[in-house]
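A.B. asks: Sharing a structure, written as structure tokens. Questions coming.
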Amino acid sequence: MSKLLTDEVRAALGSTVTYAAPEPLGRASIRYFALAIGADPQRWRDEAPPTLICETAQLTGRAVPDPNSYLGHVWELPLPVPCAMFRGGNDYQFHRPARFDDVIETTWTLTDATERQDRAGGSLLFVTAEAAYTANGGLLATNTETMIFRPLGAARPESDAPDDAAEAEAAHDPAANAVPATPQLDDGVPDAAAPDAREAVPRAAVRPGRALRPLRRRIALADMVAYGAATWDWHRLHYDEAHARRLGAPAPVVDGQMLGALLAECVLRDAGAGGRLVRLAYRNRAPVYAGETVVCSGTIATSDDAGFSVDLSVSVGDRVVVAPAFAQLAWTSG
């Protein structure tokens with residue numbers, strides 16, 4: 280078993296990098312992202328869907344993509360062998376909604392690294408980083424992200440990490456100059472046309488034990504390309520089948536952060552009347568591949584005068600791909 284957590288990697292802990300976006304977030308970026316995740320673009324105009332700023336590479340201001348065609352932030356860790364990176368999960372905390380006119384500054388800090396073994400005895404390096412997003416001197420959101428590094432010769436996104444640290448989807452995303460495809464339910468009806476898709480239940484109906492309406496979406500390759508373009512994230516893993524196979528995947532892999540965006544949409548479209556999302560945390564257990572249908576499910580866990588929480592998961596058939604996950608909402612109206 281190769282040792283991934285070297286003294287050189289430990290020395291990198293505490294590193295920070297700050298990006299100042301070269302322009303305001305913009306209404307067009309907000310509208311495109313809403314379309315890419317199947318949200319109602321009329322709802323999101325002045326304010327962005329909550330997870331957008333945690334997902335978009337627009338904020339780095341980088342003009343030259345890396346060798347994987349990625350424009351977002353990447354930690355250039357001094358790993359002893361070439362590795363593939365997989366997203367393990369995210370914990371977002373939202374302090375105020377991001378607006379179209381916000382010029383956002385992002386500061387990333389590398390905070391922790393732990394080496395573990397997969398079921399076959401291979402090495403996995405779990406790395407934690409934290410991002411803070413600010414605008415006009417105020418904090419918009421924070422993002423605690425887990426990344427999983429596996430030596431390239433053993434890179435198998437099919438997921439064979441131990442259950443307490445199951446590996447996720449492999450890094451970043453695809454596509455520029457793409458036209459967003461209309462999200463589809465299993466029956467081929469566009470998600471936005473579902474009878475109650477835009478009608479959140481009233482506060483009085485938000486009670487512990489109540490199940491949310493499941494959000495079902497088949498994620499075709501065109502949807503992945505649309506999402507990648509909406510987030511300025513053109514990583515080849517999410518559209519280049521040959522590249523995905525070199526990393527051990529049978530097909531292009533859905534960006535794990537897209538699943539977080541769908542979880543937020545599931546909560547807000549069902550139980551978001553009078554509520555504002557203040558936290559969303561989720562762990563990626565297994566990858567989702569192009570053409571698969573995901574089902575986002577949730578149950579109200581707690582409710583009080585301050586707000587309510589929802590236990591969440593994402594599945595593909597009998598395969599659970601995201602769990603555990605939860606959302607916390609604060610009441611904004613009576």
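Per my numbering, residue 280 is the first one in the sequence shown, and the count goes up by one each step.
Glycine included, C-beta positions come from ideal geometry on N, C-alpha and C.
Are the CB atoms of V589 and A606 within a distance shorter than 9 Å?
C.D. replies: Between A606 and V589, the C-beta gap is smaller than 9 Å, which places the two residues in contact.
A.B. asks: Which residues in the same chain have their Cβ closer than 8 Å to the Cβ of E302, if we skip the five residues on either side of it in sequence?
C.D. replies: V382
A.B. asks: If we ignore side chains and look at the alpha-carbon of each, how far apart do A420 and T335 end up?
C.D. replies: 13 Å
A.B. asks: For a minimum of 3 consecutive residues, which ranges assigned as the beta strand (DSSP E) are wholly contained in the stretch 329-384?
C.D. replies: 362-373
A.B. asks: Counting along the chain, where does the beta strand (DSSP E) carrying A623 start and finish?
C.D. replies: The structure shown does not extend to residue 623, since the chain spans only 280 to 613, so no value can be given for it.
A.B. asks: Measuring CB to CB, does L350 end up less than 9 Å from P344?
C.D. replies: The Cβ-Cβ distance between L350 and P344 falls below 9 Å.
A.B. asks: Indicate the three-state DSSP secondary structure (helix, strand or coil) for S308 in the structure shown.
C.D. replies: helix
A.B. asks: Checking 9 Å against the spacing of the C-beta atoms, do K410 and T385 come in under that value?
C.D. replies: Note that residue 410 corresponds to Ala in the displayed sequence, not to Lys. For A410 and T385, yes; Cβs fall inside 9 Å.
A.B. asks: If you draw a straight line from the C-alpha of D584 to the C-alpha of V485, how long is it?
C.D. replies: A direct Cα-Cα distance of roughly 12 Å separates D584 from V485.
A.B. asks: Along the chain, where does the alpha helix (DSSP H) that runs through E424 open and close?
C.D. replies: Where E424 is concerned, there is no enclosing alpha helix (DSSP H), although the beta strand (DSSP E) it sits in stretches over G417 to P430.
A.B. asks: Alpha carbons only, please: which of V573, P328 and G551 is nearest the one belonging to S594?
C.D. replies: Per the Cα distances, V573.
A.B. asks: Taking the alpha carbon of N369 as the reference point, which residue from V288, P493 and V406 has its own alpha carbon closest?
C.D. replies: V406
A.B. asks: Can you check which of these residues, P487, P376 and T285, is closest to S582 by C-alpha distance?
C.D. replies: P487
A.B. asks: May I ask you to report which of helix, strand or coil DSSP gives Q607?
C.D. replies: strand
A.B. asks: Let me know if P361 comes out buried or exposed under the rule of 16 or more other beta-carbons within 10 Å of its beta-carbon.
C.D. replies: So P361 counts as exposed.
A.B. asks: Any heavy atom of the ligand HEM closer than 8 Å to the Cβ of H517?
C.D. replies: By its list of ligands, the structure shown contains no ligand whatsoever, and the ligand HEM lies outside what it can speak to.
A.B. asks: Which value, in whole angstroms, describes the spacing of the CA atoms of L418 and G293?
C.D. replies: 20 Å
A.B. asks: Rounded C-beta distance between P602 and I579? I'm assuming under 8 Å.
C.D. replies: Per the sequence presented here, residue 602 reads as Ala, with Pro not at that position. About 17 Å; that fails the 8 Å criterion.
A.B. asks: Across which residues does DSSP place G586 in a beta bridge pair?
C.D. replies: A609
A.B. asks: Please classify D465: is it buried, with 16 or more other beta-carbons within 10 angstroms of its beta-carbon, or exposed?
C.D. replies: Reliability of the predicted coordinates at D465 is poor, the pLDDT of 38 falling under 50, and no value is obtained from them.
A.B. asks: What first and last residue would you give for the alpha helix (DSSP H) that runs through Y506?
C.D. replies: L500 to A509
A.B. asks: By the three-class DSSP mapping on this structure, what secondary structure does A315 have?
C.D. replies: helix
A.B. asks: Do the CB positions of L356 and A291 come within less than 9 Å of each other?
C.D. replies: A distance below 9 Å separates the beta carbons of L356 and A291.
A.B. asks: Quick one: which unbroken alpha helix (DSSP H) runs of 4-plus residues sit fully inside the stretch 516-571? Chain order, please.
C.D. replies: 520-525 and 535-550
A.B. asks: For W513 and A483, I'd like the C-alpha separation in whole angstroms.
C.D. replies: 43 Å
A.B. asks: Just curious, the alpha helix (DSSP H) that A275 is in, first and last residue?
C.D. replies: Missing from the structure shown is residue 275; the chain here goes from 280 to 613 and no further.
A.B. asks: Can you tell me where the alpha helix (DSSP H) with R289 in it begins and where it stops?
C.D. replies: Annotation: the continuous alpha helix (DSSP H) that includes R289 extends over D286 to A291.
A.B. asks: So, is P329 buried or exposed, given that buried needs 16 or more other C-beta atoms within 10 angstroms?
C.D. replies: P329 comes out buried.
A.B. asks: Please identify the residue among A604, A565, L542 and A490 whose C-alpha is closest to the C-alpha of C575.
C.D. replies: L542
A.B. asks: Pull the bridge partners of E302 from the DSSP assignment, please.
C.D. replies: According to DSSP, E302 bridges with nothing at all.
A.B. asks: Measuring straight from C-alpha to C-alpha, what distance separates A490 and C545?
C.D. replies: 11 Å
A.B. asks: Taking L591 as the reference, give the member of R322, Y561, A565 and D380 with the closest Cα.
C.D. replies: Y561
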